[in-house]
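Below: the structure, in structure tokens.
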Amino acid sequence: MVFLVGFIQSCSLDEKNLTTVSLDKSYGERAGFEGLINSCYENLYFLHGKVDYIAPTEAGTDSWENVSTSGIGYAQYTSQLNPDDGNIKVIWGTSYATINLCNTAIYYSKDVKGYSSADEMNVKLAEAYFLRAFCNFILVEQFGGVVLRTKSSIIEGADNAPVRSSEKEFYDLIIEDLKFACTHLPIQQTLQGRAAKKAAYGLLAKVYLQRTRLGDVAEYSKLALDTAEELINNAAKYNTALYLSDNTASGFKKLWDGNNNKKNTEFLFTQGIDPGGLNPEGFNRGRTRQYYLPDLATRGAEWGAGATSILYGRANSRMLKPSKYLLTEVFSPVPSPADTRFAETFTFKFYAAANKTITQAMATAYKKDASVVGYTIKNTLAQALPSVNFYSQKIEEQINMNNNEGLSVFTPNWNIDPVAKSKMPMLVVDPSDLFEPGTNKYKDPAMYPNDPNLINMFPAMRKFSAALYCQSNQYWLGDIPIIRLGEIYLVAAEAAILSDNQTKALAYVNTLRKRAAITSRENEMLVTSADMNIDFILKERARELSGEHTRWTDLKRTGRLNKTYLDQTNPIAGANFVNEKHTVRPIPRSFLDAISNSKEFGTNGY
Amino acid sequence: MKKIIKRNWLTRYLPNISLRMKLTTLFLMLSLMRIQAGVYSQNTKLTLNLNNAPVEKLFNKVESVSEYRFLFESSAIDLNRKVTINVKKKGITEILKEIFEDTDISYSINDRQIILVKKKQQVNLEDKHAVEKILVEQGIEVTGVVTDSKNLPIPAANVIEKGTTNGVQTDLDGKFTIRVSGPNSVLVFSFIGFENKEVTVGQSKSLSVILNEQNSALNEVVVVGYGSVKKKDLTGAVATVKSSDILLSPVASPMEALQGRVSGLDIQRGSGQAGTSPKVLVRGNRSLTASQDPLYIIDGIPSSIDNLNTNDIETIDVLKDASSTAIYGSSGANGVIVVTTKKAKAGKTQIDFNSYFGLNGFSSFPAPLTGDKWLNYKRDKFYLDNGYEATSLTDLGLNAAAVAAIEKGQYVNWIDESLQVGIQQNHNLFMRGGSEKVQGYFSLGYVGEEGIYQNDKMKSFNSRGGIDLKFSDKFKTGFQLILNYKSGSTTNSRINKAYGVYPLGVPYDQEGIVNLYPLEGDPNNISILANNYPGAFANESIGYNVQFNPYLEIEFAKNFKLRSNLGTKFSGGRAGTFQNKNSYNLLSEGRTASEATYNMTLAYSYIWENILNYNFKAGKDHDFTLTGITSWADNRSEGTYMGGNGIDYDDFLFYNMGAVKNLTTRMNTYSQFNRMSFAGRINYSFKGKYLFQLTNRWDGVSPLAEGNKWSSFPSASVAWRISDESFMQGTSSWLNNLKLRLGYGVSGSANIDPYSSLTRTSTKTSSLSLGGGTALPMYVPTEHISNPDLTWERSTNTNLGLDVSVLRNRIDLVAEYYWTQTDGILWDRRLPTSSGGYDAKTPYKKTSNIATSKNEGFELSINTKNIETENFKWSTSFTYTHAKEKLTNIDLGSLSVSQLISEGLFIGQTPAAGGVFYDYKKIGIWQLGQEEEAALYGAKPGDIKLQTVPQVDANGVSDNGVHVYSTKDRMIVGNNVPDYFFGLQNTFKYKNFDFTVFVNGRYGGMMRAQVLGYWNKEAQPSTYDYWTQDNPTNDFPRPGGTFNTQFQSSLELVDASYIKIKNLTIGYSMPEDFLKKSGLNNLRLYLTAYNPFVFSRSHLLKDVDPENGGSDSFPLFKQVIFGLNLSL
């Protein structure tokens, strides 16, 4: 009995968990509430710089083709694009996970302690509204009218039979949220990755413009123009500015300069990356470039290039290559254009990672002139200074850079005379090697059994790969712009065109075009108000924004995401395109499998 | 007090267990009326004064003032007979003589035990002197009768005078006559199926010898929860495995040694990684949530089986049905495995040394394609990928270095290069002994295992020891101390990489060091063996476990005992990893900053249990035992984890985390689980023929929601020993035992993660800086969404058992049939992702009681002694298990289960998570000539042919399954539950040689075999029979293209049936005279081939061991070992 009494008294079945605190306690206080707001950003790191966001936003447009089978579902609208696709699952999961955290923050904001005023709290809360809008915008554009959640499942439970909302309802909430964010977000945040007013205005301008695809064009194009102009006209106030050209470098070049990356004046909303590795998934960030690489591993390596190059990236997971339309129609196929944007968007000179002497066998295989045999392409790989590469890695383009003596692979977007080409001591692949004459298609190597197969040697999209932040052959730790001021100029221009204000449109377009050239060649960039139409804007957007995750929605907004347009610009993307089906993505199977009304909810036609 | 034979509690704690088992031996001596006076009985003098008191009182008195204990069959003695005795300082013999003179009771003294039986026959006590005289002069003639324990004569039994050739056989009535040399002669009695018995002739001329059935299973003691019973008194489904069978398998984990030896116990080794514990499942899957592990009770304390050396085990008892496990309440729902370790006995000091040493390896795994076959394969693949023929090796993705290697014929089988032959060893020393008052033992063991990958190894040191102290008859105490240390290192799986690289290059340089770039001149082709490069990679762990388990036992009054056990445990571990720029991961990503992680865990727990036991007799035929139990358990664990990169000196490995420049991970874990329990049990036996048991246990646990924490788990069982009935007497010549058992019970489970019932806020372990150099705090809701209704999962089990022993126990059969229904099955339901998630890739979970499952099974075990002669013996054990398990209902409110594909739950299928294969079902490959039909499905010849699911359109018209393959064609292809599994062991003994063959197998069921998942890889396994125009196979489609990749997962689903010769052992025991000369008790040498032959039912699995369920990260291997058993 003594045992029993002592026993009962000493025991308790209460749970103690010393690594957690209760919801009410944590979110009722400022520290926990702000920790929750911080966590709302985390999942966004699954998008930019990761494979899951690349094909769904860039492929299947006029700009890119898939390499081999990777990304084929997006690039060619084949059966691989189906509810089991992994990319849509991540985009869906990211959006809804973030929205739920935002909803939780909004719920708890009602009585959180530690703020001197509601206004002070709203400055913080506005981040949640901004991020909720950001994710709902992704959802409505990728998936159409899906589930619009305004409640936290932590508080009010999960919804096992969710219903769809209309796209307009999505837009209503997005716009409402962004207005709150525009009002309450601060002008400037300490951390570049945190949303400030400029992010909210930037996103709101984009949202208004995108909303025009649902009608009310006049209303929403005006709103878009006004919002964009608020930013453009008060850029300094919102702590933003375009990089402008001087006589040695274009503003566009400065925009992508590694030295400007971490305090970039043009980035409105940024995926902020700590080069020291304090990021979600640590150093495993910024992998975009490896999906756009040419075949440096075999063809390139034969000419001295490094396939696992830290500078160019690791060419083992190639996915997208530029379409003929993008290379030769959007960008001018000339050797020295005033517009620096081709050169700043693409790497087309790959330098050697080792000395490489051209052999007779190489000359024969690649139909080179005998004069190049015996020529040694010089190694350019060397340890970089910390000012060149933050990690002081051994990278290319450090030595032997005079007169292209270390150039091993050259993939210009202009054609070179075949005889001259055969005498160039490097692998040269120009559009005539890549594309079937008279079409917008890549060559079928089977038709050219006597020529080397060069269709996988193309310029590589290089926007997210400034040498300074190349940490490994896969990881790049620069900041990634999610919305930037340059785009807002084009939003303004497009909105102005929709509002029949060609003059205004021209001003914004020319401002942006001028800073794409060095000052001495600015005049070559100027266009006229006659050019101010949607097709021109779309091309201008491609020149300015290729690879920046806007192309698919741009086509969708402008009504060009259809079979006719794709057949014309990039036939491989149009071949399977069904207008009624492919303007939204399949609903992820994992979600459908988990709800009770999956039949009614549907797969979006997949 | 009286050690009444029919008891079932605590007897295993008593030092006299073995003596009780020898009771029948002692009956013999009664006929001789020979008093064996030990030192104790000679020196102990008693004073007694009792007037007209019942005999029982006298016994109590004697036991209370001395260490004597009375042993008798309760039916034999009239305890109420009144006696009067008044003696002062008299020896026990005189007292006994006075009491039992002129009664039909004879007595015998064996040290402190006094055995009383009814006299079987009158024995003349002849004049001592006269007898001796005769003996001395001419030897003596001895007559007698040999019977079995039921007093039936044994004809043709051998009676041999020991040390001579003098011998006779008994006649049909079991009688014999033999002339022996003198009273000191020893007669050896033997007969097939019975234990040999040696009897010293002594003064007697007439012997009545009872032989015990050999290994008579009925008299074996079986451990049940909080006590033990003789097998014949068992009411539940309990199976016992002895140390001799466990030691046959040269494995590190004791449970692996039980494979195929217990019906209803499904054991599979999932990985060949060194030190891996097998997956153990008692009576199938019932629950959905992760843990289906049984409860392990080691010497009365819940413990981890992994800390035991197989040599320390005396027996393992497996409690299968709820009537047996209910006493453990919630913890016992998945079955209870009770391990009894070897302990000390009073008497001679015993020293055992067991040791073996052997090789692990010989793992066969299909080689990747090499040579022209590989190049042809690549061309086929290229054509389908690209739509045109490759014109050069460069087109095939081969660079100059690869082409050069091909020209030089430098083909490599990376599977062979990855695998090695490792060493397996186990050495164990065990010493034990003691006096009546103090006994002690200790064991020291070492187990070393090297896997089939370089650097995959484990070594463990185990020690356990204990002391039992008997202060008085009323008070006993003792403790056990266990110390384990384990260290190991492991490496990443290589098999899955071996098919993904060029089968080309030079793997090692001239010094035998790994070539980081096996293709000369190609810095991009990194060796999959890079982690074996000196200093490149380390993944090392150590673990320790300290347990101190004291107990005390107090007898308050007659038959009223309390035992209090305290089990304390303190364990922890450290895991460290390190990789530098030469490691596979860093090399392939071009990173140069060395990385390290350091992880420490600490677990501390205690369990305190009090067991109160009272047994009594009501009238002559009613035996009762009452047991009351309280239990309190508190388990906690903590951990800390650090990881980062940027280490200037590789010499630090992971030991200097301060040198890590970028600390990217830092976190703590904490977990606590408390349980409080009360239990009671009543055992009742009527005439020893009708046995009843009633138990109830009340359990409360901390992880469940408030208000649902407590539950009670009742059970009842009954057994009927039919063979003891008078109407069965006619069968007693051949039927030794026939018993029917019926049990019913409820067990529960709250096997969920602590903290699942309540959403709280935790910190995120990943870093977020939003671009700054400081990690920002992130407070997120935990993964589990609150469920205030969370309660117990309860299993209701009915068990019908039949025990039969026939032909003098030469055939022993146990059959069980059971039905189990589990209600309120706990499930971590993944919530629809539209409601958010813990992160983008992890949905929220809600632990809920959602489902019902039914299990039904038939289990059979048969032990036979086929041949039993002096020189040759052959025995067989067979176990067979057939079990059906299915989910019968899933209740998710408005949700219908057919739509819950994401959960992997399907009514009518196995309840285990991941146990059902919902996928495409391959039915073959489209062949030439089927182009038109194939086109209807979007396929071409050479493509996978699938079974489709008919789709019904809006008008209700079915397409009869004719449509282009899509995700709608997924279906339940099968599940991983076998129809049956079995084990069959044959043991042969010829003179000093022994030979054992153990075969086990599984039939039915399906698995996802990763080895079949390398279709279309860089160099797919050469065993794949893939389709080409000239090879119309149905095994694998043509490589390449985009069509088949969508349905590739169907290639991996395959019949999982197999039969294995698991163990072949040949042993030799040294002959008697060698042992005598060398002073040894026993010395046996043996050779074992473990896991040597596997026969898979599916031809696709040739060269592969399917036991691990198709995982290939660490393939299973074969072993050859050499060992010795030595005792002094």
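Protein sequences, first through last, are from chains A and B. Under numbering that gives the first Met the number 0, the first residue of the first sequence is numbered 0, with each subsequent residue one higher. Under numbering that gives the first Met the number 0, the first residue of the second sequence is numbered 0, with each subsequent residue one higher. For each residue, glycine too, the CB sits at the ideal point set by N, CA and C.
(request) Determine the burial state of S113(A): buried for a count of at least 16 other Cβ atoms within 10 Å of its Cβ, exposed for fewer. (result) Here the question's residue 113(A) lines up with position 114 in the first sequence. Sequence inspection shows Gly at residue 113(A); the Ser mentioned does not correspond to that position. Around the beta carbon of G113(A), fewer than 16 other beta carbons lie within 10 angstroms, which makes this residue exposed.
(message) Less than 8 Å between the C-beta atoms of I517(A) and S249(A), yes or no?
(response) Mapped onto the first sequence, residue 517(A) falls at position 518. Mapped onto the first sequence, residue 249(A) falls at position 250. Against a cut-off of 8 Å, the Cβ pair of S249(A) and I517(A) comes out as a contact.
(request) Using a Cβ cut-off of 8 Å (strictly closer), state whether A839(B) contacts chain A. (result) Indexing the second sequence from 1 puts residue 839(B) at position 840. Chain A, which has a Cβ nearer than 8 Å to the Cβ of A839(B), makes this yes.
(request) Return the residues of the stretch 122–155 of chain A that lie within a Cβ-Cβ distance of less than 7 Å from chain B, sorted by chain order. (result) Result list: V146, R148, S152, I153.
(request) Compute the distance between the beta-carbons of A325(B) and E435(B), then report whether it is under 8 Å. (result) Position 326 of the second sequence holds residue 325(B). Position 436 of the second sequence holds residue 435(B). The answer is no: Cβ separation not under 8 Å.
(request) Out of Y295(B), V437(B), K229(B), T393(B), state which residue places its alpha-carbon closest to the alpha-carbon of A348(B). (result) The count along the second sequence starts at 1 and reaches residue 348(B) at position 349. Checking the sequence, you will find Thr at residue 348(B) rather than Ala. When only C-alpha atoms are compared, the closest one is V437(B).
(message) Suppose you measure from the CA of R148(A) to the CA of C134(A); what does that come to, to the nearest Å?
(response) One-based indexing of the first sequence puts residue 148(A) at position 149. One-based indexing of the first sequence puts residue 134(A) at position 135. Rounded to the nearest whole angstrom, the CA to CA distance from R148(A) to C134(A) is 11 Å.
(request) Count the other C-beta atoms from every protein chain shown that fall within 10 angstroms of the C-beta of K88(A), then say buried if there are 16 or more, exposed otherwise. (result) To locate residue 88(A), count along the first sequence from 1; it is residue 89. With a 10 Å radius around the Cβ and a threshold of 16 neighbouring Cβ atoms, K88(A) comes out buried.
(message) Using the Cβ count rule (16 or more neighbours within 10 Å means buried), how would you classify H881(B)?
(response) On the second sequence, position 882 is the one that residue 881(B) refers to. Classification of H881(B): buried, given that the 10 Å Cβ count is 16 or more.
(message) Using 8 Å as the cut-off, can you tell me whether the stretch 416–427 of chain B makes contact with the stretch 330–337 of chain B, which would need three or more C-beta pairs spanning the two stretches below that distance?
(response) Touching, no.
(request) Give the residues of chain A in contact with R759(B), contact being defined as C-beta atoms less than 7 Å apart. (result) As a position in the second sequence, residue 759(B) is number 760, starting the count at 1. Here the neighbours are N16, T19, V20, S21, L22.
(request) Indicate the three-state DSSP secondary structure (helix, strand or coil) for H1098(B) in the structure shown. (result) Within the second sequence, the letter at position 1099 stands for residue 1098(B). DSSP places H1098(B) in helix when its eight states are reduced to three.
(message) Excluding the 5 residues flanking D1102(B) on each side, which residues of the same chain have their C-beta closer than 7 Å to its C-beta?
(response) Locating residue 1102(B) in the second sequence gives position 1103, where the first residue counts as 1. The answer, listed in chain order, is S363, F364, P365, T1022.
(message) If we require 3 or more residues per run, which beta strand (DSSP E) segments fall completely within the stretch 790–845 of chain B?
(response) Counting whole runs of 3 or more residues, the stretch 790–845 of chain B contains the beta strand (DSSP E) stretches 792–805, 810–829, 836–838.
(request) Please report how far the alpha carbon of E14(A) lies from the alpha carbon of G31(A), in whole angstroms. (result) In the first sequence, counting from the first residue as 1, residue 14(A) sits at position 15. In the first sequence, counting from the first residue as 1, residue 31(A) sits at position 32. About 21 Å.
(message) Output needed in chain order: residues of the stretch 162–192 of chain A with a Cβ under 9 Å from some Cβ in chain B.
(response) Against chain B - using a Cβ distance shorter than 9 Å - the residues of the stretch 162–192 of chain A are Q188, T189, L190, Q191, G192.
(request) Please classify T56(A): is it buried, with 16 or more other beta-carbons within 10 angstroms of its beta-carbon, or exposed? (result) For the purposes of this step, residue 56(A) is taken as residue 57 along the first sequence, with counting starting at 1. That one is buried.
(message) Would P277(B) and E255(B) qualify as a contact pair, given that the criterion is a beta-carbon distance under 8 Å?
(response) If you number the second sequence from 1, residue 277(B) lands on position 278. If you number the second sequence from 1, residue 255(B) lands on position 256. With contacts defined by Cβ atoms closer than 8 Å, P277(B) and E255(B) form a contacting pair.
(message) For a test of the three-state rule: what should DSSP assign to F535(A), helix, strand or coil?
(response) Here residue 535(A) corresponds to residue number 536 of the first sequence, with the count starting at 1. Helix.
(request) Just the C-alpha distance for P1036(B) and Y1025(B), rounded to the nearest angstrom, thanks. (result) The residue labelled residue 1036(B) in the question sits at position 1037 within the second sequence. The residue labelled residue 1025(B) in the question sits at position 1026 within the second sequence. Each residue's alpha carbon lies about 5 Å from the other.
(request) Return helix, strand or coil for N491(B), following the three-state DSSP convention. (result) Sequence index remark: in the second sequence, residue 491(B) carries index 492 (1-based). Correct three-state label for N491(B): coil.
(request) Mind listing the chain A neighbours of D394(B)? Cutoff is C-beta to C-beta under 8 Å, in chain order. (result) Position 395 of the second sequence, counting from 1, holds the residue named residue 394(B). Neighbours of D394(B) on chain A, chain order: P444, N452.
(request) Under 7 Å Cβ to Cβ from T863(B), same chain only, skipping five residues before and after it: list those, please. (result) Here residue 863(B) refers to the residue found at position 864 of the second sequence. The beta carbon of T863(B) is closer than 7 Å to those of R809, I810, S874, T875 in its chain, skipping five residues each way along the sequence.
(request) Would you please verify whether the beta carbon of D890(B) is less than 8 Å from any beta carbon of chain A? (result) Mapped onto the second sequence, residue 890(B) falls at position 891. Cβ-Cβ to chain A under 8 Å: no for D890(B).
(message) Assuming contact is defined by CB atoms lying nearer than 8 Å, are Y237(A) and K197(A) in contact in what I supplied?
(response) Translated into the one-based positions of the first sequence, residue 237(A) becomes position 238. Translated into the one-based positions of the first sequence, residue 197(A) becomes position 198. Taking 8 Å as the cut-off, the Cβ atoms of Y237(A) and K197(A) count as close.
(message) Among the candidates E140(B), S189(B), G138(B), K161(B), whose CA atom is the shortest distance from the CA of A155(B)?
(response) Along the second sequence, one-based indexing puts residue 155(B) at 156. Minimum Cα distance to A155(B) is reached at S189(B).
(request) Taking only beta-carbon positions, decide if Q1045(B) is within less than 8 Å of chain A. (result) Counting from 1 along the second sequence, the entry for residue 1045(B) is found at position 1046. Output row for Q1045(B): interface = yes.
(request) Just mark N99(A) as buried or exposed, buried being the case when its beta carbon has 16 or more other beta carbons within 10 Å. (result) Walking along the first sequence from the start, residue 99(A) turns up at place 100. Here N99(A) is buried. Its C-beta has 16 or more other C-beta atoms within 10 Å.
(request) Would you check if there are 3 or more beta carbon pairs closer than 8 Å linking the stretch 694–705 of chain B to the stretch 719–732 of chain B? (result) Verdict: no, contact absent.
(message) Across the stretch 302–310 of chain A and the stretch 348–368 of chain A, are there enough close Cβ pairs to call them in contact, namely three or more that are closer than 8 Å?
(response) The stretch 302–310 of chain A vs the stretch 348–368 of chain A: in contact.
(request) Leaving out five residues on either side along the sequence, give the residues of the same chain with a beta carbon under 8 Å from the beta carbon of P949(B). (result) As a working note, residue 949(B) is residue 950 in the second sequence. Correct list, in chain order: S957, D958, N959, G960.
(message) Taking the alpha-carbon of I824(B) as reference, which of N375(B), Y67(B), P1114(B), N284(B) has the nearest alpha-carbon?
(response) Taking the second sequence and counting its residues from 1, the one referred to as residue 824(B) is at position 825. Of the residues N375(B), Y67(B), P1114(B), N284(B), the one whose Cα lies closest to the Cα of I824(B) is N284(B).
(message) Within 8 Å of any Cβ in chain A, is that where the Cβ of D647(B) sits?
(response) Numbered from 1 along the second sequence, position 648 holds the residue referred to as residue 647(B). No, D647(B) lies away from the interface with chain A (no Cβ there is under 8 Å from its Cβ).
(request) Mark L1115(B) as exposed unless 16 or more other C-beta atoms lie within 10 angstroms of its C-beta, in which case mark it buried. (result) To locate residue 1115(B), count along the second sequence from 1; it is residue 1116. It is buried - the Cβ of L1115(B) has at least 16 other Cβ atoms within 10 Å.
(message) If contact is defined by three or more beta carbon pairs under 8 Å, each pair taking one atom from either stretch, is the stretch 624–643 of chain B in contact with the stretch 584–602 of chain B?
(response) As far as the Cβ criterion goes, the stretch 584–602 of chain B touches the stretch 624–643 of chain B, which means the pair count is three or higher.
(request) Find the nearest neighbour of Y200(A) within the set R284(A), N233(A), E328(A), judged by alpha-carbon distance. (result) Residue mapping note: residue 200(A) aligns to position 201 of the first sequence, counting from 1. Comparing Cα-Cα distances from Y200(A) to each of R284(A), N233(A), E328(A), the minimum goes to N233(A).
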